[in-house]
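Those protein sequence lines, which keep their order, are chains H and C.
Residues in the first sequence are numbered from 1 upward in steps of one, following full-length UniProt numbering.
Residues in the second sequence are numbered from 1 upward in steps of one, following full-length UniProt numbering.
Below is one structure, written out as C-alpha cells; comments come after it.
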Amino acid sequence: MHIPDAFIPMGQALVYWVIALIFIALALRWARRSMGEEKIPLVAVLAAGIFAIQALNIPIPWGTSGHMVGAALAAIVLGSPYAGVFVLTLVLLVQGVIFGDGGITVMGANIVNMGVVGGFIGYYGYTAIKRVIGNAYAAAFIAGWASLFISAILCAVELAVAGTFPLALGLTMMGTYHAVIGLIEGGITAVALYLIASARPDILEHPAGVSA
Amino acid sequence: MIDDLYFIEKYAYRTSIVHRLDARIKLLIALAAIVTIVAVPYSTRVYELGAVLFALVAALWAASRLPPTVYLKRLALILPFGIFLIGFQAFVKNPYYDVFHTIAALPFGIEVYAESVEFASILLVKFVVSVSFIILLSSTTKMQDMIEAAGRLGLPREFTLTLAMMVRYIFVFAEMFTRIRTAMATRCFDPLDRTLSYRYRLNQLGYTVGTIFIRSYEQGERTYTSMLCRGYGANAGLYVRKKPLRTQEIVFFAATLGFIVLSAVLIYVQP
Numbered sequence: 001m002h003i004p005d006a007f008i009p010m011g012q013a014l015v016y017w018v019i020a021l022i023f024i025a026l027a028l029r030w031a032r033r034s035m036g037e038e039k040i041p042l043v044a045v046l047a048a049g050i051f052a053i054q055a056l057n058i059p060i061p062w063g064t065s066g067h068m069v070g071a072a073l074a075a076i077v078l079g080s081p082y083a084g085v086f087v088l089t090l091v092l093l094v095q096g097v098i099f100g101d102g103g104i105t106v107m108g109a110n111i112v113n114m115g116v117v118g119g120f121i122g123y124y125g126y127t128a129i130k131r132v133i134g135n136a137y138a139a140a141f142i143a144g145w146a147s148l149f150i151s152a153i154l155c156a157v158e159l160a161v162a163g164t165f166p167l168a169l170g171l172t173m174m175g176t177y178h179a180v181i182g183l184i185e186g187g188i189t190a191v192a193l194y195l196i197a198s199a200r201p202d203i204l205e206h207p208a209g210v211s212a
Numbered sequence: 001m002i003d004d005l006y007f008i009e010k011y012a013y014r015t016s017i018v019h020r021l022d023a024r025i026k027l028l029i030a031l032a033a034i035v036t037i038v039a040v041p042y043s044t045r046v047y048e049l050g051a052v053l054f055a056l057v058a059a060l061w062a063a064s065r066l067p068p069t070v071y072l073k074r075l076a077l078i079l080p081f082g083i084f085l086i087g088f089q090a091f092v093k094n095p096y097y098d099v100f101h102t103i104a105a106l107p108f109g110i111e112v113y114a115e116s117v118e119f120a121s122i123l124l125v126k127f128v129v130s131v132s133f134i135i136l137l138s139s140t141t142k143m144q145d146m147i148e149a150a151g152r153l154g155l156p157r158e159f160t161l162t163l164a165m166m167v168r169y170i171f172v173f174a175e176m177f178t179r180i181r182t183a184m185a186t187r188c189f190d191p192l193d194r195t196l197s198y199r200y201r202l203n204q205l206g207y208t209v210g211t212i213f214i215r216s217y218e219q220g221e222r223t224y225t226s227m228l229c230r231g232y233g234a235n236a237g238l239y240v241r242k243k244p245l246r247t248q249e250i251v252f253f254a255a256t257l258g259f260i261v262l263s264a265v266l267i268y269v270q271p
C-alpha cells in the first residue's frame, strides 16, 4: 500500500503533505503532553519495534505472504490515535528514505493513509465497538480490520483522483485484497493485545478486560 | 525488509568520492532530482528528462565504485508495487488523454490502448528515476550521517533525536527479529507451512507480534530511564556538531543542482 513517487502529481502530493504535517504536529504535542514529561524516546524505540513487526512474514490464505501495518495496535495500546500517527510517520520516513519503499513526494499521502487513518480508525473504532459489545478483543479485531481496509480504500481513491489508477478497478482490487489482509491484521492485533493485557497490563492505557 | 538493512548499511560504510561527499549535499540532490522528475507534467518529455537524470545517477553510481549488481538487486526489491500499478495502465483509460486508440483487443472485451501504453511508460520512467536516486542516497550515506545532515539543514530537534533513536534501535530489533526467526525454525515452526492449521499459525504470530511490542516498549522504558539518569530533559536534543562545507562540495552541489533545474527547464520549454 506504499504509494511510490510519480503516482500522485506534485500539486496533490503537496496537499497530502500539508494534511500529514498537521497531524504530525498534533502527534508531537500529544507525545509531549500525555506521554508524561518527555517520553518521546520511548515512542522512538517503539517505532523501531513496529518496524520489526512489519518485517514479519504473515501467511495469506491463498499462499503468498503479507505484512502488518501495526498502527491500530500502537494506537490501542498507547490509548491515543496519535500514537499510530507518530509511530507510522517514523517508520514510513525510514522506509521511504532508506529502503525506497514508498515515495518521498507522496510520503504525506502514505502517512495520511496508514498513520492517520490507521491510528484514528484503529483507536476510535476500538473504543466505540468495545463500548457497544463489551469485548475488547473482538473490538480490536474489527478495528484492526477496518483500519487496514479503509486505508486501502483511501489509497485507491487518491490514485483515482491523481488519474493514475481507475476508481472502480482500484476499489475492487485494493478493496478485496485488503478486506482479506485486514482479517489477518485484525486477528493479530487482537491476539497481540491479549498477550500484552496478560503479560504487561500496566502498559495499556485503557485496561482491556474492564469495559470503560 | 529487515535483512536488507544490513545489506544497505554495509555498502554505505564503503568509501569513495560519493561516500565522502557531505550528506547534506546528497540529501538535497536526491530530493531535487525526485521533485523535478515528479513535478514535470505527464508528457513524453519525461523520457528526455528521465534519460538526463538517469545518466546523472549512473555517473554518480560509477563514481561511488559500488557494483551495478547492488543497484539492480535493490531495484528488484522496490519495484513490485509500482510495476503492479504500471502494468494495469495499458488496459485502462486515464484522464490525461482525450482520445484512445485500440492497438490490441484481447478476449473478455479487454483492450490495449496506444495512449495508455505511453502513459504507463511515462510513469515507469518517473518511478525508476526517483527510486534510483533513493538507492544511490542510501547506498552511499550512513543513516546516522543522514540524520545529522537533516539536523544541520534545520530539521527540528524533536525529529532528529527521535529518528536517531529509532535508527539505532532498528538494528537492535533486527537482531532480535533474527533470533526469533531462528527460534521458530529450531522448533520446526514455519508461519507459511500449510499443513498447520491457519488459526494456530495466526495465534503464534499474534503472540510473536505482542512479544516484540512488549520487548520494544520495555527497551524504550529502559532507554528512557537511563537517559534521565544522564541528564536528559525536556530541552535535550541530538548533538549535531557544526561542519562547514568544503569549497569543492559547494561547487559540486551548485553545479549538479543547476544541471538538474536547467535540464528540466530546457526540456520543458522546448517547442
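Quick reminder that beta carbons are idealized off the backbone N, C-alpha and C, glycines included.
Only a predicted model underlies this, so the values are computations on that prediction, with no experimental measurement involved.
So Val91/H and Ile50/H are in contact, right, with Cβ under 8 Å, and what is the actual spacing, rounded?
That pair is a contact at about 6 Å.
At least 3 beta-carbon pairs within less than 8 Å: the segment 39–55 of chain H vs the segment 80–90 of chain H:
Taking a cut-off of 8 Å for Cβ pairs, the segment 39–55 of chain H and the segment 80–90 of chain H touch, as three or more such pairs fall below it.
Where residue 215/H sits in the DSSP three-state scheme:
The requested residue 215/H does not occur in the structure, where chain H is confined to residues 1 to 212.
Using a cut-off of 8 Å between C-beta atoms, extract the partners of Met227/C located in chain H.
Going along chain H in sequence order, the residues near Met227/C (Cβ under 8 Å) are Pro41.
Interface residues of chain H around Ser216/C at Cβ under 7 Å?
Chain H residues near Ser216/C: Val45, Leu46, Ala48 and Gly49.
Interface flag, Asp101/H vs chain C, CB-CB below 8 Å
So, interface residue.
Have a look at Ser211/H and Leu77/C and give me their C-alpha separation to the nearest angstrom.
Per-residue confidence for Ser211/H stands at a pLDDT of 42, beneath the threshold of 50, marking its modelled position as unreliable; no derived number is given.
So with Cβ pairs under 8 Å, would you call Ala264/C a contact of chain H?
No - not a single Cβ of chain H is within 8 Å of the one on Ala264/C.
From what residue to what residue does the beta strand (DSSP E) around Tyr113/C run?
Its beta strand (DSSP E) spans residues Glu111 to Tyr113.
Using beta-carbon positions only, say whether Met1/H and Met107/H come within less than 8 Å of one another.
No, Cβ-Cβ distance for Met1/H and Met107/H is not below 8 Å.
Give me the Cβ distance between Gly70/H and Ile181/H, rounded to the nearest whole Å; I'm assuming they're in contact under 8 Å.
Contact between Gly70/H and Ile181/H is ruled out by a C-beta separation of about 13 Å, above the 8 Å threshold.
Tell me, please, whether the segment 24–33 of chain C touches the segment 201–208 of chain C by the rule of three or more beta-carbon pairs shorter than 8 Å.
No: the two stretches stay apart, fewer than three of their Cβ pairs being nearer than 8 Å.
Note down, in chain order, every chain H residue with its Cβ under 9 Å from the Cβ of Ile134/C.
Near Ile134/C (Cβ distances below 9 Å), the residues of chain H are Asp5, Gly96, Val97, Ile98, Phe99, Gly100, Gly103 and Ile104.
Could one say the Cβ of Val112/C lies closer than 8 Å to chain H's Cβ atoms, at least one of them?
Answer no: the Cβ-Cβ gap between Val112/C and chain H never drops below 8 Å.
With Phe105/C as the anchor, note down where its beta strand (DSSP E) starts and where it stops.
The identity of residue 105/C in the sequence shown is Ala, whereas the question assumes Phe. In the DSSP annotation of this structure, the continuous segment of the beta strand (DSSP E) that includes Ala105/C starts and ends at Thr102 to Ala105.
Three-state class that DSSP yields for Ala212/H in the structure shown:
Note that Ala212/H scores 39 on pLDDT, short of 50, meaning its location in the model is unreliable; the coordinates nonetheless yield the value given after this. If DSSP states are grouped into helix, strand and coil, Ala212/H belongs with coil.
Is the beta carbon of Ile98/H closer than 8 Å to that of Met176/C?
No; because the gap between Cβ atoms is not below 8 Å, this pair is not in contact.
Identify which residue in Phe189/C, Ala105/C, Gly82/C and Tyr239/C has its Cα closest to the Cα of Phe7/H.
The shortest C-alpha separation from Phe7/H is found at Gly82/C.
CB contact below 8 Å: Arg201/C versus chain H
Using a CB distance cut-off of 8 Å, Arg201/C counts as an interface residue toward chain H.
Per-residue burial, Gly103/H [other beta carbons within 10 Å of its own, 16 or more giving buried]
Gly103/H should be labelled buried.
Considering Thr247/C, what are the terminal residues of the alpha helix (DSSP H) in which it resides?
For Thr247/C, the uninterrupted alpha helix (DSSP H) segment begins and ends at Thr247 to Val269.
Give me the DSSP bridge partner(s) of Gly66/H.
The secondary-structure analysis by DSSP pairs Gly66/H across a beta bridge with Ile58/H.
What are the boundary residues of the alpha helix (DSSP H) that includes Met166/C?
Counting along the chain, the alpha helix (DSSP H) containing Met166/C begins and ends at Arg157 to Thr186.
Per-residue contacts from Tyr96/C into chain H (C-beta, under 8 Å):
One finds Gly163 in chain H with Cβ atoms closer than 8 Å to the Cβ of Tyr96/C, taken in chain order.
Should Met184/C be flagged as near chain H, meaning a C-beta pair shorter than 8 Å?
Chain H contact via Cβ: absent.
Among the candidates Gly118/H, Thr105/H and Gly144/H, whose CA atom is the shortest distance from the CA of Ile34/C?
That would be Thr105/H, whose Cα lies nearest to the Cα of Ile34/C.
Can you tell me which of Thr127/H, Ile121/H, Ile24/H and Ala140/H puts its alpha carbon nearest to the alpha carbon of Ile193/H?
Checking the displayed sequence, the identity of residue 193/H turns out to be Leu instead of Ile. When only C-alpha atoms are compared, the closest one is Ala140/H.
List, in chain order, every chain C residue whose beta-carbon is nearer than 8 Å to that of Pro81/H.
Per Cβ cutoff of 8 Å: no residues; Pro81/H is ~17 Å from chain C at best.
Span of the alpha helix (DSSP H), counted from its first residue to its last, around Ser216/C:
Looking at the DSSP string, the run of the alpha helix (DSSP H) that includes Ser216/C is Tyr198 to Cys229.
Given this structure, state the Cα-to-Cα distance separating Trp145/H from Ile184/H, to the nearest angstrom.
Taking the straight line from one Cα to the other gives about 8 Å.
Just to make sure I have the definition right: I need the residues of chain C whose C-beta is within less than 7 Å of the C-beta of Arg200/H. Which are they?
Within chain C, the residues placing a beta-carbon under 7 Å from that of Arg200/H are Ile214, ordered along the chain.
Gly175/H versus chain C: which residues are under 9 Å apart at the beta carbon?
Near Gly175/H there are no residues of chain C at all, since even the closest Cβ is about 15 Å away, more than 9 Å.
Could you pull out every residue in the same chain whose Cβ sits closer than 6 Å to the Cβ of Ala13/H, ignoring the five residues on either side in sequence?
Thr105 and Val106.
In the DSSP assignment, the alpha helix (DSSP H) including Tyr82/H goes from what residue to what residue?
Residues Pro81 to Val94.
Between Tyr71/C and the rest of its own chain, which residues show a CB-CB distance below 7 Å, the 5 nearest in sequence each way excluded?
Closer than 7 Å at Cβ, skipping near neighbours: Trp61 and Ile135.
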